[in-house]
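In the numbering used here, the protein residues as written are 5 to 163.
Here's the structure, in structure tokens; my notes come after.
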Amino acid sequence: MRMGRESPTSASVRFKAGSVEPAHHHTFGHDLVVIKGKKKVWNLTKKESYGLVDGDFLFTPAGDVHRVKYLEDTEFFIRWDGHWDIFLDEDLETARNAIDAELGVVDSEKVQCTMFVAGAGSGDIFSNICKDCYILFRLKFNDLNKYNKLTIIFCVNVK
């Protein structure tokens, strides 16, 4: 993620195919435009889902709980109405199971891995989590309300 601005926050973000964002919400709403790729967003608050491809736009209101699956390598531009924050509403395994059930993935196709949240200055520790993993989301940011330079890393095995 490359931060363009901090408040309101804007960023250019890339995810690898197969990446999953567990259900989460933000204090502020956000707009996003897919530059390239394909992703599916489930807005759990509204009980709706959206398949997004190149050029598509989506607004997610403040507080709406949503999860995401990246079906192709995807790049998008996102802008929050205020500063960036994230509150996780489920763990990665729960998210994967829900998405797999929705998409009809069978157990034999699943691989287990872990989500890591690393503290300040430890971003490079997890640069090679395991031989089968992709680092999906690595972000260093300044959130003066809670943290200073927290690194968040989502990791998933992709077959």
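Ideal Cβ positions, reconstructed from N, Cα and C, are used throughout, including at glycine.
Fair warning: this is a prediction, and the values are worked out from it, not measured in the lab.
Rounded separation between residue i and residue j - CA only
i   : j    : result
R83 : I103 : 25 Å
E76 : G108 : 17 Å
G41 : D58  : 6 Å
E97 : Y74  : 16 Å
A66 : F32  : 4 Å
K51 : A21  : 24 Å
Residues of its chain near residue i, where Cβ-Cβ distance is below 6 Å and the 5 sequence neighbours each way are ignored
i    : result
R18  : E79
R100 : V24
Helix, strand or coil at residue i according to DSSP, with G and I counted as helix
i   : result
T98 : helix
L75 : coil
Residues near residue i in its chain [Cβ-Cβ closer than 7 Å; skip 5 each side]
i   : result
G86 : S11, P12, T31, F32
F63 : G33, D35
V38 : L56, V57, D58, G59, D60, T78, F80
DSSP beta-bridge partners of residue i
i   : result
G55 : K44
S23 : Bridge partners of S23: none, in fact.
I82 : A15, L36
L92 : H28
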